[in-house]
Amino acid sequence: MARIVVLGASGFLGSHLCDELVARGDEVVGVDDLSSSTGINLKGLESEKRFTFLKGDIAEGIPVRGKVDAVLNFASPASPPRYLETPIQTLRTGSRGTDNALQFALENNARFIMASTSEVYGDPVVSPQVETYWGNVNSIGERSCYDEAKRYAEALCMAYWREYQANIGIVRIFNTYGPRLDPSDGRVVSNFVCQSIRGEDLTVYGDGLQTRSFCYVDDEIRGILALLDSNEPGPINIGNPVEFTMLELSEIVLELTASQSKIVYRPLPEDDPMQRRPDITKARELLGWEPTVGLRDGLMKTIDWFKKSL
Ligand code: UDP
């Protein structure tokens with residue numbers, strides 16, 4: 002059993018991580034400023050003795066007392082519409098917040114897992130994206146508040162690793178979906194599923210030929226925990242390498258929900274990447290990890306959850 006701090010505990014991935022860690026017997030301290038989630042995702046852990054929640058902004062400091070064995074930094078808005086609303090806070094969380102978290106991990110001699118992102122590859126000209134690819138990011142575009150915060154956080158992790166031999170692990174997370182996606186945060190899977198269930202038009206941005214590779218949340222969490230339990234510094238891509246266009250996704254969602262909704266086209270957001278697909282050779286070889294849930298199966302579970310929760 003270990004004492005593990007999850008920063009961003011009430012978010013989509015943070016809350017699933019807390020559940021899994023508590024289920025496997027660890028003691029978990031969850032921290033969140035509740036700026037982009039409400040706390041509802043942690044309801045199931047309320048009566049759990051091995052779980053504690055602390056409200057706090059990691060850019061102001063890490064509010065945890067006592068010795069800890071690992072720190073997982075999942076604090077940040079992650080959906081484009083959300084981080085575009087709060088660009089300065091997004092940059093602060095990724096920079097000052099990550100610095101505070103790394104310092105705290107170092108003082109505890111704890112393993113530190115950084116939730117990085119496929120966005121560090123920007124609008125990639127190499128596909129699939131392998132970890133050695135440096136990316137194609139617009140450092141002054143709208144999305145830069147998120148992309149550059151995460152790139153800075155990676156640079157900071159590597160500096161702590163080189164200078165202090167900090168025990169870091171960087172995971173590059175590709176589009177993940179599943180139960181607990183916030184229906185209002187504007188991501189494509191939650192938008193299409195909610196729109197289909199409500200009989201509203203499905204909003205495809207641009208021509209819908211841009212691609213993403215969608216990983217079901219259970220697979221993603223298993224990959225992150227495999228990195229936590231290893232000594233690998235990363236960065237390691239954790240994502241599902243099967244690629245779909247947004248038009249294909251919309252058609253699959255319409256079919257699975259047996260919806261009569263129509264597809265409508267809306268403008269493509271600035272700097273929206275045209276393609277995204279992880280090369281997961283490193284995760285396979287170093288962590289023995291690969292995803293097992295296909296898009297249709299994962300979407301069915303997600304649709305069932307949204308039907309219950311809407
Ligand atoms: N998208 C879309 N319709 C929507 C929301 C998003 O066509 O209602 C597109 C968006 O332009 C992008 C892709 O779906 O190309 C994935 O968007 P999302 O916001 O989920 O995540 P991203 O991968 O861009 O961070």
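Mapping the sequence shown onto the working numbering, position 268 (from 1) lands on 269, and the numbers just tick up by one.
Each residue gets a CB set at the ideal place from its N, CA and C atoms; glycine is no exception.
Report whether the distance from the Cβ of residue i to the nearest heavy atom of ligand 1 is below 6 Å.
i, result
"R188", "yes"
"Y206", "yes"
"R213", "yes"
"N241", "no"
"P81", "yes"
"M247", "yes"
"N139", "no"
"D27", "no"
"D273", "yes"
"N176", "yes"
"L238", "With the sequence shown as reference, residue 238 is identified as Asn, and Leu is not the correct amino acid for it. Not so, every heavy atom of ligand 1 lies at least 6 Å from the Cβ."
"N192", "yes"
Leaving out the 5 sequence neighbours to the left and right, which residues in its chain are closer than 6 Å to residue i when beta-carbon positions are compared?
i, result
"F105", "I63"
"K263", "D202"
"E291", "R285"
"G299", "Y217"
"R267", "T204, Y206"
"V294", "Y217, D220"
"N55", "One detail in the question is off: residue 55 reads as Leu in this sequence, not Asn. Contacts found: V32, P64."
Which same chain residues, not among the five before or five after residue i, have their C-beta less than 7 Å away from its C-beta?
i, result
"K1", "For residue 1 there is no data in the structure shown, the boundaries of the chain being 2 and 311."
"M2", "G26, D27, E28"
"L248", "V205, G209, L210"
"P78", "S37, Y84, T87, T91"
"G136", "V121, Y122, G123, P125"
"L107", "Y161, Y165, A167"
"D100", "L157"
"S128", "Q276, R278"
Enumerate in chain order the residues of its own chain whose CB-to-CB distance from residue i is below 8 Å, with the five nearest sequence positions on each side excluded.
i, result
"I222", "L14, H17, L18, E21"
"D70", "A3, R4, I5, N109, A111, R112"
"L287", "S231, E233, I237"
"R51", "V23, G26, D27, E28, V29"
"T212", "E244, F245, T246, M247, M275, Q276, R277, R278"
"E271", "G142, E143, R144"
"D280", "P129, Q130, V131, E132, N238, P242"
Alpha helix (DSSP H) containing residue i: first to last residue?
i, result
"R199", "189-199"
"L85", "81-86"
"M115", "Unbroken run through M115 is the beta strand (DSSP E), 112-118; no alpha helix (DSSP H)."
"G299", "296-310"
Along the chain, where does the beta strand (DSSP E) that runs through residue i open and close?
i, result
"Y153", "Per DSSP, Y153 belongs to no beta strand (DSSP E); it is in the alpha helix (DSSP H), 145-165."
"L8", "4-8"
"E244", "244-246"
"I264", "264-267"
"G170", "169-174"
Checking contacts by CB at 7 Å: is residue i closer than that to chain B?
i, result
"T303", "The structure shown contains no chain B; it holds only a single protein chain."
At least three beta-carbon pairs within less than 8 Å, the segment 160-174 to the segment 112-128: yes
Inter-stretch contact (C-beta, 8 Å, three-pair minimum) for the segment 134-145 and the segment 31-50: no
Stretch-stretch touch, CB-based, cutoff 8 Å, three pairs: the segment 150-168 with the segment 90-98: Judged by pairs of C-beta atoms under 8 Å, the segment 150-168 touches the segment 90-98, as three or more such pairs exist.
Meets three-Cβ-pair contact criterion under 8 Å: the segment 152-164 and the segment 210-222: Result no; under three Cβ-Cβ pairs closer than 8 Å.
Length at least 3, wholly inside the segment 19-102: the beta strand (DSSP E) runs in chain order: Counting only unbroken stretches of 3 or more residues, the beta strand (DSSP E) elements lying wholly within the segment 19-102 are 28-33, 52-56, 71-74, in sequence order.
Within the segment 194-236, ranges of the beta strand (DSSP E) (whole runs, at least 3 residues): 203-206, 212-214
Cβ contact check for the segment 71-82 and the segment 183-191: 3 or more pairs under 8 Å: yes
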